[in-house]
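Enquirer: Residue numbers (the working numbering): 107 to 447. Each residue gets a CB set at the ideal place from its N, CA and C atoms; glycine is no exception. The structure is given below, and queries will be raised subsequently.
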Amino acid sequence: MGILDWLFSGNDEATGSTVDPAVIEQRIEQLIRIIDPRLKFVAGYRGKLRPAVEQAVLYCREIEAGIPPAIEASAKVWSEDPSLRALFASARDIPRVFSRSQAIQDFFENTPDAEHVWATLRFVCREATGFGVAADGGVVQNDVLRTCVSFTEKKPVLPSGCEHDARIEIRRRAFKFLLTEALQQITSLDMQRKDLREQRSMLQTRLMILKGQRVGLEAMLEKGIGARQKIEDVERKLSENERSLAALAASAGETLEHVIGRVQHVLTHGPDYIRIGMTKLRLDQMNVLVPEGTGEAAVEIVLPKVVVRSAPVVNLLACSFPRAELIRCRSLLHEAGRLLD
């Protein structure tokens, strides 16, 4: 087993409020590798990181648990499943979407005995409002404001041989996401400090040049016309720059202790950065939103969504897709060629 295999193994398969110490230790090693290997030089770094890592591992379990059990995504069951009917215009669209995924093709190629692949179908839910026709109590009304829902950018991700492994992978990905968020914050602060220091250097150089020019002008003209005002402007900007640098150092610090503090903050505030919510929709056969209490025929579907502070909201659906409906790459290319003819 290689070092990367070890770092990203330690499957946290447990439930409840306790975490295997071995999992915590492996997650700490993963954290060190991603954030900064120098953190190992901080005295007692494991003890400082352990509570935050444990809390993050528990929260990643909650994220995984928030995703409903997988459904079969196949043309065979399309007509029986309201969620599939909403997501796919026709039964044959399901095999097309899954078969266009190279990851799905590779999975079946590399695991010839697998009859199904478990994967997360990622997509974007969009709403568009316009005027249309509606029926209320048997009366047809024209020019009614309606909202139509569409599901775009469908892509299967994280293929796995069983649902259990797929869920463990979701936990690992969620934890790594939190580490990446912490690293991004640390890097952003470093960039701000770098920009302020470069600005300070330019202002200091500018101030030195202006003061030199003023001395030359005063010697020749007895006074530097406008030079004093320029010097004061640069001195004011330099003073503001120094205050910004001091404030940044006070709030973020430049030591590894402060890096650990930033990591602790992110890992203990997981819901601020990523969470699982639910999108509840009441749709008719044309994917038009139907308000509660109307006489129109509609079905209610509930779709999980990933809410990330730094990215657009995406929806997802845990699925199993059968090998029997896989369209081989050659057939997909042939179909694409016919459409272009």
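1. Judging by CA-CA distance, which residue of CYS166, GLU259 and PRO418 is the nearest neighbour of ARG277?
2. Going by DSSP, name the residue or residues bridged to CYS435.
3. Could you give the distance in angstroms between the alpha-carbon of GLY122 and the alpha-carbon of ARG434?
4. Alpha carbon to alpha carbon, how far is LEU373 from ASP126? Give it in angstroms, no decimals.
5. Between the alpha carbons of ARG191 and ARG144, how many angstroms are there, rounded?
6. Are LEU137 and LEU285 closer than 8 Å when you measure CB to CB?
7. Report yes or no: is there a C-beta of chain C within less than 8 Å of the C-beta of ASN216?
8. In whole angstroms, give me the CA-to-CA distance for ALA181 and GLY236.
9. Is it true that the CB of PRO201 sits closer than 8 Å to the CB of ALA424?
10. From this set, ARG156, ARG206, GLU269 and THR385, which residue's C-alpha is nearest ILE177's C-alpha?
11. Among GLU119, LEU164 and GLU259, which has the Cα closest to the Cα of VAL420?
12. Which partner residues of MET384 appear in the DSSP bridge assignment?
13. Keeping to the same chain, check which residues put their C-beta closer than 8 Å to that of GLN208; ignore five residues upstream and five downstream.
14. What distance in whole Å lies between the Cβ atoms of PRO188 and ILE407, which are believed to be in contact at a cut-off of 8 Å?
15. Exposed or buried, which one is PRO418 when buried takes at least 16 other CB atoms within 10 Å?
16. For GLY399, count neighbouring Cβ atoms within 10 angstroms of its own Cβ and tell me buried if that reaches 16, exposed if not.
17. At 4 residues or longer, and completely inside the region 198-239: list those alpha helix (DSSP H) runs for me, N to C.
18. Is it buried or exposed for SER56, if we count other Cβ within 10 angstroms and need 16 for buried?
19. Nearest to ILE140 by alpha carbon, out of GLU341, GLU186, PHE281 and ASP271?
20. Leaving out the 5 sequence neighbours to the left and right, which residues in its chain are closer than 6 Å to PHE427 when beta-carbon positions are compared?
21. Using three-state DSSP, classify THR258 as helix, strand or coil.
22. Measuring only the C-alpha atoms, how far is GLU363 from GLU135?
23. Is the beta carbon of VAL394 less than 8 Å from the beta carbon of THR253?
24. Need the endpoints of the alpha helix (DSSP H) that PRO188 sits in, please.
Expert: So, to answer that:
1. CYS166
2. In DSSP, CYS435 forms no bridge with anything.
3. 42 Å
4. Distance between the alpha carbons of ASP126 and LEU373 is about 17 Å.
5. 52 Å
6. yes
7. Given the protein chain composition of this structure (a single chain), no chain C is represented.
8. 31 Å
9. no
10. GLU269
11. Per the Cα distances, GLU259.
12. In DSSP, MET384 forms a bridge with PRO410.
13. Within the same chain, GLN208 has no close Cβ partners at all.
14. 5 Å
15. exposed
16. exposed
17. 199-205 and 208-216
18. Beyond the ends of the chain as shown, which are 107 and 447, falls residue 56; an answer cannot be given.
19. PHE281
20. ALA179, PHE204 and VAL223
21. strand
22. Cα to Cα, the separation comes out at about 17 Å.
23. Contact: yes.
24. 188-193
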